[in-house]
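Taking it in order: structure first as structure tokens, then the write-up.
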Amino acid sequence: YYTEMYDMLKNMDPPLGFGSKCPDRLAFKKLIRMNQPIDDEGMVHFTTTLFALIRENLSIKMRAAEEMDQADLELRQTIMKVWPYDGKEKIDLIVPPREEIGKGRLTVGKIYGGLLILENWKATKFGKM
């Protein structure tokens, strides 16, 4: 489940995980950038999570939010050039297509984006009314 993934990453030391001392806000921001799709059962795929984590930590084709669609497309093309046979089978798992993470689809980034908004609201005086 996506919640277990968060706990696992908080318990793993950097560079692969976030580490136990990582503030929730920073962990939420990293998960928003990773933005893996969630299936109907609330699960995320291990391969997708691993590749998203590596991609985020090494800044592989990572850009500003408004440019990420183009970066994803470029990364998909690069993977297909490097792994022409294996890439066809695994490309949607490694870099999820827009249809899996776009409008109307639940992703880790959207859930933790909502949680980050909640944390910010709690930190302001509006949350203390």
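Mapped onto my numbering, the consecutive letters of the sequence shown carry residue numbers 10 to 138. Backbone N, C-alpha and C fix where the C-beta goes; we use that ideal spot for every residue, glycine too. Just so it is clear, the structure is predicted and the values come from calculations on it, not from any experiment.
Local conformation of residue i per DSSP, three classes
i	result
Thr57	helix
Thr133	coil
CB contact below 8 Å: residue i versus chain C
i	result
Leu115	Here there is only one protein chain, and chain C is not present.
Selected residue, minimal CA-CA separation from residue i, among the options
i	options	result
Asp49	Tyr11, Lys99, Arg107 and Met17	Tyr11
Asp33	Asp16, Ile110 and Ile47	Asp16
Supposed close pair residue i, residue j - CB separation, criterion 8 Å
i	j	result
Glu83	Lys99	Their Cβ separation, rounded to whole angstroms, is 17 Å, which puts Glu83 and Lys99 out of contact at 8 Å.
Thr56	Leu102	5 Å
Is it true that the region 15-31 meets the region 83-93, where meeting means three or more beta-carbon pairs spaced less than 8 Å apart?
No, the region 15-31 does not touch the region 83-93.
Cβ contact (3+ pairs, closer than 8 Å) linking the region 31-45 and the region 111-121:
In this structure the region 31-45 touches the region 111-121; the number of beta carbon pairs closer than 8 Å is three or more.
Going along the chain, which unbroken runs of the beta strand (DSSP E) with 3 or more residues stay wholly within the region 75-129?
Counting only runs of 3 or more, we get nothing.
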